Structures are given as structure tokens and as C-alpha cells.
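*Asks:* Questions regarding the structure given below will be posed in turn.
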Amino acid sequence: ALRSRSGRSIINGNWAIDRPGRYEGGGTMFTYRRPNEISSTAGESFLADGPTNEVLDVYMIHQQPNPGIHYEYIIPGDNVISPQLLAHRRPGEPLNGQLGMPESTSHEDEDLHRETGILTGQSAGTFPVIQPGRFPSHQPENQVPAMQPPRQNREHNWKQVGKTECTTTCGKGSQYPIFHCVNRITHEEVPEGYCDSSTKPIPEEEACNLFPCPAFWDIGEWSECSKTCGLGMQHRQILCRQIYANRTLTVQQYRCQHLEKPDTTSTCQLKICSEWQIRTEWTSCSVPCGVGQRTRDVKCVSNLGDIVDDEECNMKLRPNDIENCDMGPCAKSWFLTEWSDRCSAECGDGIRTRSVLCMTNHISSLPLEGCGNNRPSETTPCNNGPCAGKVEWFAGGWTQCSTECGSGTQQREVICVRKTEGNFDVLNPYECSYLEKPPSQQSCYLKPCGSKWFHTEWSTCSKSCEGGFRVREVRCLSDDMAASSQCDPQLKPEEKEPCNTQDCVPEIDENCKDKYYNCNVVVQARLCVYTYYKTACCASCSRVANRQPGFLGRR
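Here the sequence shown is numbered in our numbering, starting from 429 and rising by one per residue.
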């Protein structure tokens, strides 16, 4: 995790894991890489070109032994050249691993030196940058030369006959001088035993092949695919690197311009995404009437056609596999409205109407077993008195609509009359048969009824005397006979009312008599529960039973 000293989290802060990508912080842009933990052994990494403008802290949490942190950073330095390298330099080669341009041009005011290492308890070492003029040209005065025996006493001495091979072909390696024992005069090699081992020079490391190795592209591991299925993207880090002094340094990318840069992004597809498929049509409704459910088979199918777990598909896009279905009301009871207030005729015979509907009865205590064939009447006769006659075919005014709302009928009187002076004489209809008779009835519709209260017939009274109750079911229904909540609560018919409030009259049984004079003892001893005493003292036991209901059943 990466965090600034001010406490602002840049990458993987607040115990949350960020996706690999680019994150801004510390005055620069960090590229965060996290290779696939299954397919790669490479660790996580942060990379930024810099420069940073504040102190940043790196945090690491690990459950296994600390794998260590490889770090690499850039510090500004003077563009200097070591005089020690001049003698070993080839024409056109860079000096001291400083990957400079040809001598005739200079593209940078300052060179960048890198320092690398592994956090293993101590900081990694640095390779020296030697300032011009500070290279020692003579032996310091305080250095004491090694003691050597007089030359005239030595017949054999140590001679440098060559050097070891350089440890590297480029990028500053090391080699050591090789000393053999030789005859001082003939310079022929002899066994080392002829020479004094204490005077054998100690081979000192010498730098070799100081020219830097060619820059190369360091290709990182591919990141995880951005999608678990379908077409996604994956990324990898590409760095321009050079090896110098056994250190691999990151250099500016123009050093690798002679090489084709590998792609940093690529498309990827771990697998084709699974999809939802509806395998069956809807089933029949689970009930023949009322509200039930119906189902269908919905499966998550892979690109190979196999049925896989639902988690493989997008749960937000899953089609419904169950839904409600309404098969209409189940017929159980007759539901009625009140009679209309208006008669269909203003005078003479007319009718009043009401609505009748067979629907499910939800009051289980009512002894009803379906609607049956005894449908209650929807009309009843009414008469508002006799009507007066008129001339010829006389059509009276239309009566009020038989209903205040919904569909109804209107009637009018049509008679054959003859007008006399001051009066009208009613004639037989055949006297007007040559004339077209006006209609005497027509349909009418004042307005939608809206919601109205419907109720069933009253149930049987719960008791035959001393006050019982009877019940009925009341429902509010709209014009299309669907359940509604728009009825006026104050007009709701009663659902329960008292009935048979008269006192109970005991039936006198002439055969119920006491056969013994001491039946009062039987009552006091509560022996009336036994059949023998109930019969022998029938009158006394019956009186007690009427006064105390349930008395005879206590034992």
C-alpha cells in the first residue's frame, strides 16, 4: 500500500484493494501492477517517473515469511566522468556507465544515476561517482610499501603473465592479474615453490568491459483479465533497461528506440459469458379459480450449452420463473345490492332493481355450499298510482331510469285517446292501429356506478332463543365487479346483527316425573349425571339442568 505522510491513501488504502492501474499522488503518476497470483510468481509493484514532491510511505502486509522489497530510485547528479575510465574507453563509447550521447552533442544538463537493492536489513551499496581531479595520481605519503628482499638475493621472483577473463562481456565486469614464479634471468616459469610465497602479490580486482550493455525492453507479466468472461483487457509493464556493474538500471525509453516496443495492452477472454435461457413455457395456473401461481423453467447456460450455476449469469437480468395468475372469482355465495330507491314508472306499474352476483364467500363459519340454482330476483314490482290519458297515441313522459347508475330501463305510457271538449276519452288500441305506435320502453344509462356495497343473505341464527346472532359477508365492488376500496364506509351494511332475542320456553314433558319423595337428596349429591337417577328423579334433575347449563355434563 502507498500513502503520503499527510495520511492520504494513494493505492490500496483503508484496507480496500484497488485494481491495477494508474493513480496520482506525491506530485507524480504511479502505475500499479498486480500480476495474476495463480499464473505468475511476480509480486506487486509501483512505478513512477517522478519527481515526487513529498515523502511517501510504502506498507506491506504478509502472512508468510517476508519476501522482501526490491526498490529502485533516481537521484539527480552532476554529469561527471571518472579519469580512471579514459584509458579503457573505446571511441564513441559511454563513460562510467553514463549512457551519454556522442561527444559532439549534449542533450541533458544533468545525468541520472540509479541505486538499487533488496530490503534485507541493510541498505544496498552504491557505485561511486568519481569527481574529476580527485583520482589519485601518486602513492599517498602515509602508505608504507611492502617489504621486499634485495633483488640480488633472489634467483626467482613473481611475474604477471596475464589476466583472468572478464566476468562480463559488457556493462563493467571485473578481472584479476595472474602471477607465476619465473627465473629472474631467463624468465622461464618454474614451480611456485622456488618463489617466496610471502612476496607473491595479492591480485587486485580490475574493471573491464566498461562500455554499457545494449539497452533492452524488460517485459513484465500480464495482469489479470479485466473481465471474468467475455472480451476484456489486460496490461503489462514495459521498461527500458540496461545492465551496468551487475545492476539492472531503468533508463529513459529513447535508449531502446532501436528496438520495437512490445505491446503494453492486449485483449483477453477467459471464457464466453453464460446467458439466461427460458427452457419451457408458462405452466397452467395452480388454482382453477381465484389467485394462484404459474411457473416456467429458467436456466443459466454456458457457451457450450451446459447448464451451470446461476452465479455464472448476471442475476440482475434473470427472467422471472414464477408469477401470480388470476383465474377469476370462485363462486360460493350470492352477493346482492340494496333495492334501487326509484320506481321505473312515475305512475302505474313499474319495477325496482338490484344487482345480483355469485362470488367466493370468505366467511368460513357460514353454512353455504355454493350459489346453487336459486338465484335471487333482480327486479320487484312497484306502483306510484294511476296515470291520466291523452289524445291519439299519447306517449307519456319517460319514467326515471330504473337505476341511479349503470344500465337500466325507462318506461312510458302509450295509449290511444280522443280529445273531447275539456276532456280526453281513452279508446281501444285498435282505433290507433293505423298509426305508428311510439315505443313504451328504452334503455338508459345515467352515469357509472363506481364502487357499491354488495352483501350475502343472512346466515341462520346461532341460537333459537335468548339472543343469538347471524352474519353475512359484505364486499365493496367496482363497476367491473372487482374488489374496490372506494365505497363510503358510512353506508356499509351491517355484517352481524342479533336475532331470536325472545326467552326460551321450557318444554314440559308429562312423562318426566319424580318417582321418589327424596329426589332432593339426589340433586344435592350431584347424582343426576347417572342415567338411573336422571330417570328416577327426572323432574328434579331437569329443573337443576335448566337453572345451571352444563350441570349434567360436569362428570
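Virtual Cβ for every residue (Gly too), placed ideally from N, Cα, C.
Because the structure is a prediction, the values reported are computed rather than measured.
Measuring alpha carbon to alpha carbon, tell me which of Leu764, Leu745, Phe639 and Gly449 ends up nearest lysine 920.
*Replies:* Per the Cα distances, Leu764.
*Asks:* What are the uninterrupted segments assigned as beta strand (DSSP E) that are 3 or more residues long and contained completely in the stretch 861-923, given in chain order?
*Replies:* Fully enclosed beta strand (DSSP E) runs of 3 or longer: 869-873, 880-883, 896-899 and 902-905.
*Asks:* Which residue marks the beginning of the beta strand (DSSP E) containing asparagine 585, and which one marks its end?
*Replies:* It spans 584-591 - the beta strand (DSSP E) in which asparagine 585 sits, taken as one unbroken run.
*Asks:* Note down the Cα distance separating proline 640 from arginine 669, rounded to an integer number of angstroms.
*Replies:* In a straight line, the C-alpha of proline 640 is about 11 Å away from that of arginine 669.
*Asks:* With DSSP collapsed to three states, give me the class of serine 437.
*Replies:* Residue state, collapsed to three classes: strand.
*Asks:* On the three-state DSSP scale, how would you describe threonine 627?
*Replies:* Of the three classes helix, strand and coil, the one that applies to threonine 627 here is helix, per DSSP.
*Asks:* Report yes if the CB atom of cysteine 657 is closer than 7 Å to the CB atom of lysine 689, and no otherwise.
*Replies:* In this structure, lysine 689 does not lie closer than 7 Å to cysteine 657 by Cβ.
*Asks:* Can you give the Cα-Cα distance for glutamate 820 and arginine 840, rounded to whole angstroms?
*Replies:* If you take the alpha carbons of glutamate 820 and arginine 840, they lie about 15 Å apart.
*Asks:* Could you give the DSSP three-state label for lysine 941: helix, strand or coil?
*Replies:* Coil, per DSSP.
*Asks:* On the DSSP bridge assignment, give the partners of lysine 727 in chain order.
*Replies:* Per DSSP, Gln705.
*Asks:* By the three-class DSSP mapping on this structure, what secondary structure does methionine 787 have?
*Replies:* If DSSP states are grouped into helix, strand and coil, methionine 787 belongs with the strands.
*Asks:* On a Cα-Cα basis, can you pick out the residue from Leu667, Gln697, Asp749 and Val719 that is closest to isoleucine 706?
*Replies:* For isoleucine 706, the nearest C-alpha among the options comes from Asp749.
*Asks:* Going by DSSP in three states, alanine 476 sits in which element: helix, strand or coil?
*Replies:* In the structure shown, alanine 476 sits in a strand (DSSP, three-state: E or B).
*Asks:* Given this structure, state the Cα-to-Cα distance separating aspartate 485 from glutamine 588, to the nearest angstrom.
*Replies:* Spanning the two alpha carbons is a distance of roughly 53 Å.
*Asks:* Does the Cβ of alanine 773 have 16 or more other Cβ atoms within 10 Å, making it buried, or fewer, making it exposed?
*Replies:* The residue in question, alanine 773, is buried, as its Cβ has 16 or more Cβ neighbours within 10 Å.
*Asks:* From the DSSP output, which residues share a beta bridge with tryptophan 645?
*Replies:* Looking at the DSSP assignment, tryptophan 645 forms a beta bridge with Cys668.
*Asks:* Ignore the nearest five residues each way along the sequence and tell me which others in aspartate 477's own chain have a CB closer than 8 Å to its CB.
*Replies:* Same-chain partners within the cutoff: Thr456 and Met457.
*Asks:* Among all the DSSP beta bridges, which residues are the ones paired with serine 835?
*Replies:* DSSP, once it has assigned bridges, lists Tyr873 as partnering serine 835.
*Asks:* Could you work out which residue in Gly756, Trp762 and Asn812 is closest to isoleucine 779 when comparing CA atoms only?
*Replies:* Among Gly756, Trp762 and Asn812, the Cα nearest to that of isoleucine 779 belongs to Asn812.
*Asks:* From the DSSP output, read off the bridge partner residues of leucine 994.
*Replies:* This structure cannot settle anything about residue 994, because the visible part of the chain is limited to 429 through 983.
*Asks:* Helix, strand or coil for proline 463 per DSSP?
*Replies:* Reduced to three states, the DSSP call for proline 463 is strand.
*Asks:* What is the C-beta distance between methionine 661 and threonine 695, in whole angstroms, given that I count them as a contact (C-beta under 8 Å)?
*Replies:* Contact holds; Cβ gap of about 6 Å.
*Asks:* Between alanine 673 and lysine 600, is the Cβ-Cβ spacing less than 7 Å?
*Replies:* In this structure, lysine 600 lies closer than 7 Å to alanine 673 by Cβ.
*Asks:* Counting along the chain, where does the beta strand (DSSP E) carrying cysteine 810 start and finish?
*Replies:* Its beta strand (DSSP E) spans residues 807-811.
*Asks:* Could you name the residues of the same chain whose beta carbon sits closer than 6 Å to that of threonine 459, not counting the 5 residues immediately before and after it, in chain order?
*Replies:* Only Arg450 and Leu475 meet the Cβ criterion.
*Asks:* Using 7 Å as the threshold, is the C-beta distance between cysteine 940 and cysteine 915 below it?
*Replies:* No, the pair does not count as a contact, with Cβ atoms beyond the cut-off.
*Asks:* Which same chain residues, not among the five before or five after lysine 924, have their C-beta less than 7 Å away from its C-beta?
*Replies:* Closer than 7 Å at Cβ, skipping near neighbours: Phe897 and Val899.
*Asks:* Verify whether the separation of the beta carbon atoms of threonine 678 and leucine 667 is less than 7 Å.
*Replies:* Cβ atoms of threonine 678 and leucine 667: closer than 7 Å.
*Asks:* Tell me tryptophan 762's beta-bridge partners as DSSP assigns them.
*Replies:* Tryptophan 762 is bridged to Cys786.
*Asks:* Sort out for me which residues DSSP pairs tyrosine 451 with in a bridge.
*Replies:* BP columns for tyrosine 451 point to Phe458.
*Asks:* Go ahead and pull the three-state DSSP assignment for arginine 954.
*Replies:* Of the three classes helix, strand and coil, the one that applies to arginine 954 here is coil, per DSSP.
*Asks:* Relative to the C-alpha of glutamate 864, which residue among His883, Ser761 and Cys844 is closest?
*Replies:* Measuring from the Cα of glutamate 864, the nearest candidate turns out to be Cys844.
*Asks:* What separation, rounded to the nearest whole angstrom, lies between the Cα atoms of valine 949 and alanine 973?
*Replies:* Each residue's alpha carbon lies about 15 Å from the other.
*Asks:* Leaving out the 5 sequence neighbours to the left and right, which residues in its chain are closer than 7 Å to leucine 659 when beta-carbon positions are compared?
*Replies:* Thr695 and Gln697, listed in sequence order.
*Asks:* Which same chain residues end up closer than 8 Å to proline 876 when comparing Cβ atoms and leaving out the 5 residues on each side of it in sequence?
*Replies:* Hits under 8 Å: Cys833, Gly834 and Asp907.
*Asks:* Please name the residue, chosen from Cys684, Glu894, Ala953 and Glu938, that lies closest to glutamine 930 on a Cα-to-Cα basis.
*Replies:* Among Cys684, Glu894, Ala953 and Glu938, the Cα nearest to that of glutamine 930 belongs to Glu894.
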